[in-house]
Each structure stands twice: as structure tokens, then as C-alpha cells.
Amino acid sequence: MKRYSLLLLLIISLVLSACSSDEPGEEVDAEQPAKEVVKREETKQNKFDHLRNISLEVTEDSLMALEPGTMMGDLSYETDIQDIGFNTPELDPELKNKLPEKLEELANETNELETIKKGLVSLLASPHYKEIIENANAYEPHFEEPFLPDPTKAEGGEETKPAEKAIILLDASSSMLQQTDGRVKMEVAKDAVKSFAKTIGQSSEVSLVVYGHKGSDSDVDKESSCSGIEEVYPMGKYEKEVFHGAVDFFESKGWTPLAGAIQKAAEMSSGYDGNTTIYIVSDGAETCDGDPVQASKDLVAENAESTVNIIGFDVDGNTENQLKAVAEAGNGEYFKADNPEELKNTIQYEWLPSTLDLAFAFTMAPDGWDMVAEYKIADKYPLELWTVGRKEAHRIIDAAAIMSENGWITDEQYSELRDWGFDRSEAMKELHYTMSKTNREKADTESKEIRQRVDEWVAKMKELKKERGDTW
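Positions 109 to 580 (the numbering used here) are the ones given, in order, by the sequence shown.
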């Protein structure tokens, strides 16, 4: 009986234990492990949310939308196209030290190859794509604009005799940094001087003197700026490449020593035989305490065959009055140009001989050297794209190697990632070719348009000469 009582008590105890486990707060959920798995998967999915919008395509649109890699920083050196070569880019030492931690995190979160690819791009993508592609697409050819004067506009007027020697004085003072019609005045003036020298240089020796390009417009730099007058292209036969290099050598910076520049021209012309014409492009009056009117008088007094012609480029009333007086004192003429188009037309119709020798007409359209130089400009940003794309691809390949060495990915995955990296580099090169071709076609179209205008002008001039009885 006692044995049965013990057995009964044991059974009751087991029943009560089973009942107590059903009480609230002490429930043992058999589905709990499954819920934890779901939660982990959701967390993992959230971590990859930022990868969903990453496109692995290599197109202009996809690269423009690509966010810079989170480990890339500035990488300003990355666009150096001198590095494009065939040498394998080396992983930056600092990046190499920091990268394994991020790669291990990526490997711990996923073993899916497409996700790993996107993860690598999110870490290592170049920060320069958007800027490079925008600059490449903004390219417009910039050939030297030929002067093609309409001879009928000058009919009945006095023929301008070509100068035997031409000294061009170009104002590069700080005021030339201002804009006119959306362009910096210094850029407009440089373009105009290049075209003028190319044309006048067919019949005259030329020299370029620049002033206002030294120091700054602050009081402390006044002395050095006012004395900084420089002949950047010595008097001689016009040579396009050398002349352009001289024009591009300086920038607008300082004060306006107009009198000093005219004195410089007087000293130069005193040693020349024949007539010398001084051509001045300026947007400001004297600011260096000189007397440009007296300097102009002195120049013609010492050199009777010399004249001083001035274009006042976008000047105010007081400046115009001074520049007029300077031209008058130099037995020359003053002309006003309020915008780039007027500057071009003034040089074209007032400074150049009205009847031009057609023998040099072929030089007015872009030649082979011009096209080579323009193609180089057209290719600049497409080459940068290829450069940064190649470096990015090798970062990805190096990152995959690190993952493989640490056993975070399989050998097969590493092989696929490496091949994908090389394919991505090749795709960057192909995109570079496409963008470069587009820009070169723009240059070709512009060149042909200029050539057509020159050919039409030559035909018109031939006809006019024929009507007048001139010989070819």
C-alpha cells in the first residue's frame, strides 16, 4: 500500500510540474530558435539595403549615380593620367591596413557573389566619376577664330597699310579678371590677340608686351607690379606655337602701368627700321602714377613713323577719355569695344588691312597641328575616366585577394571576382573610347565649319579681286 502511495505522489508531482510550465511568463516556446533566425536574416537584410541601388554596369548613367566608396576619402591623385600606363596600380598602404576589417565584416554577412561585388564597390568606388563625366560631356572645341573681313564694308575707305613691325601691348591688370557677356575679359582679350597676331603676322613682324601681370593689386605690391612690364614674345616672325605659349604664360593680377608700357614700346621701336605700329588692348586707365599721354607723345617724337592705336575694352567714361587722348597723342586712333563681338569686329575692320593677301588664307582654318592639340583637350576627361576606373578595378582585385588569403571566400569565388575586376577595367576603357570619339567628332565638326567659312571667304575675295582687276 505504501508503495502505491509513493507511486501516486510521483504521478501527481509530474502532473503539477507540467501544469506549472503552462503558466504565463514561464512558457517555453518551441518556435523561439526559428524566430531568432528570422530576426538575424532581417538584420542582415537591413545591412544590405544600401547595396540594392548599386549598379554594377559600366555606363555614364550608372557611374554618375554611383556613390563614392566609403573608404576612398579624397584620392585627388587618382586622376593623374600619367599613371595610366601598363603598370599594375598598387594598393595604398593606409587603405591596405584598414581594408581587411571591412572585408571580414562583408564576408561574415554574405556569401552571395553579387552581394560581395556590390559590397566591394560600395567600399572602393572612385569618388571622381560624376565630376569627370560632367566635364567630358561639357567639352566644346575652342579653335582660334579666324578674322575674315568683309571687303565690301571697307569699300571707299582709306586702305590701311600693313605695319612693317607690330608691337602688341596687352593689359593684364586685375580689372581684366572681370566678366563681360559671361566671359572673363582676359580670356576674351587673349583669344583676340592670338587671332590678330596670326593675321597681321603674315605681313609684319610681331612682338607682344604684357603689363599688369606681376604682383597683385594691393598697395604692398604696387611698386613691383608697376615695374613688371615684359616683352613675352620678342620682335620677329610670327610662330604660332611660340606666340600662343607666350600669351598663355601670364595671368591678370596687378596695377596698370600704361605709361610704362608705352615707354617700353618706344625703347624697342627706336632701334627698328621702317614703320612700327603699337596696338594696345586695355580696359583701364593708368594707375601707376605715370602720364600715358606724354609717353605717347614722346614715342612719336622719337619715332616719326610709329603710331599708337588703342581699343578700350568695356571701359567707363573717364578711362575712355584718357585712352582717346593717348591714341591722339600717338598719331593713332581710338576704338571702343563694349563686348567680345565688338572687340573682334574692331580688330577685324579697323586694325587689319582691308585687302588681305589670299596667299595665307589656308592658315586661317585649323591645320593638322591644331587638330592634334584639340584632340588632346577632347581626350583629357575620357582618359581620366579610364585612369580612375582602372585603379578602382585593381583595388577590387586586391580586396578579393585579401578575402581569399584569409579564407573568407572560396577559390572559385576569388577567381570569379578577379575576372570581374578585369572585365570592369576593360569596360572603363571602352567607355573612354566612346566618350573620346564623341568629343573628337565635335572637334571635327567645328573644324569643318571653320574651313567652309574660310573657303567661302576666299572665293568671295577672288571674285572681288577679279572685278577690280587685281591679279591673284
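For every residue, glycine included, the Cβ atom is placed at its ideal position computed from N, Cα and C.
All figures in this text were calculated on a predicted structure; none of them were measured in a lab.
| Check | Outcome |
| --- | --- |
| Which of helix, strand or coil does DSSP assign to Y483? | helix |
| Rounded to whole angstroms, what's the CA-CA distance from V328 to C334? Just pull it up for me. | 11 Å |
| Going by DSSP, name the residue or residues bridged to Q287. | V292 |
| CA-CA distance, T223 and L159? | 8 Å |
| Following the continuous beta strand (DSSP E) through E217, name the residue where it begins and the one where it ends. | Per DSSP, E217 belongs to no beta strand (DSSP E); it is in the alpha helix (DSSP H), P201 to E217. |
| Leaving aside the five residues before and after D584 along the sequence, list all residues of the same chain whose C-beta is less than 6 Å from its C-beta, in chain order. | An answer regarding residue 584 cannot be provided, because it is not within the stretch 109 to 580 covered by the chain. |
| Three-state secondary structure (DSSP) at I276? | strand |
| Please return the same chain residues whose Cβ sits closer than 6 Å to the Cβ of V296, not counting the five positions on each side in sequence. | P448 |
| Within this structure, are the beta carbons of L539 and L491 separated by less than 9 Å? | no |
| Counting pairs of beta carbons, one from the segment 360 to 379 and one from the segment 236 to 256, are three or more of them closer than 8 Å? | no |
| Spatial neighbours of K322 within its chain, please: CB distance less than 7 Å, with the 5 preceding and 5 following residues excluded, ordered by chain position. | S332, S333, G336, K361 and G362 |
| Would you mind reading off the limits of the beta strand (DSSP E) that contains L316? | E313 to Y319 |
| Using a Cβ-Cβ cut-off of 8 Å (strictly less than) and excluding sequence neighbours within five positions of E313, which residues of its own chain qualify? | E272, K273, A274, M343, G344, K345 and Y346 |
| Have a look at L174, L231 and K452 and flag the residue whose alpha-carbon is nearest the alpha-carbon of K210. | L231 |
| How would you write the range of the beta strand (DSSP E) that E339 sits in, first residue to last? | I337 to G344 |
| Quick one: is A354 buried, meaning 16 or more other Cβ sit within 10 Å of its Cβ, or exposed? | buried |
| Which one or two residues does DSSP pair with Y442 in a beta bridge? | I418 |
| Go ahead and label R503 buried or exposed: buried means 16 or more other beta carbons lie within 10 angstroms of its beta carbon, across all protein chains shown. | buried |
| Spell out a yes or no on whether the segment 228 to 248 and the segment 480 to 491 are touching, meaning 3 or more CB-CB pairs, one atom from each, closer than 8 Å. | yes |
| For L316, which residues from the same chain have a beta carbon less than 6 Å from its beta carbon, with the 5 sequence-adjacent residues on both sides left out? | I276, V340, Y341 and A354 |
| Can you give the beta carbon distance from Y247 to N547, rounded, assuming they're within the 8 Å contact cut? | 5 Å |
| Give the single residue among K226, E220 and E217 whose Cα lies nearest to the Cα of P176. | K226 |
| For the beta strand (DSSP E) holding Y387, just list the boundary residues, first then last. | T384 to S390 |
| Between Q560 and L221, which are expected to be in contact by the criterion C-beta below 8 Å, what is the C-beta distance as a whole number of angstroms? | That belief does not hold up - the Cβ atoms of Q560 and L221 are roughly 55 Å apart, past 8 Å. |
| Between the C-alpha atoms of M569 and M472, what's the straight-line distance to the nearest angstrom? | 14 Å |
| Going straight from the alpha carbon of I418 to that of L431, what length do you get? | 7 Å |
| Does S378 pass the burial test, meaning 16 or more other C-beta atoms within 10 Å, or should it be called exposed? | exposed |
| Excluding five sequence neighbours on each side, which residues of the same chain lie with their C-beta closer than 7 Å to the C-beta of T93? | No statement about residue 93 is possible, as the shown extent of the chain runs from 109 to 580 and does not include it. |
| For V166, does the three-state DSSP call read helix, strand or coil? | coil |
| Does H158 come out as helix, strand or coil in the three-state DSSP assignment? | helix |
| If you check the beta carbons only, do G420 and K444 fall under 9 Å apart? | yes |
| Of the residues E338, A244 and Q286, which one's Cα is nearest the Cα of L278? | E338 |
| Could you say which of N411, Y387, A409 and Q402 lies nearest to Q456 if we only look at CA atoms? | Y387 |
| Quick one: give me the first and last residue of the alpha helix (DSSP H) that Q430 is part of. | G425 to A437 |
| Please list the segments of the beta strand (DSSP E) lying wholly inside the segment 536 to 561, counting only runs of 3 or more residues, in order along the chain. | none |
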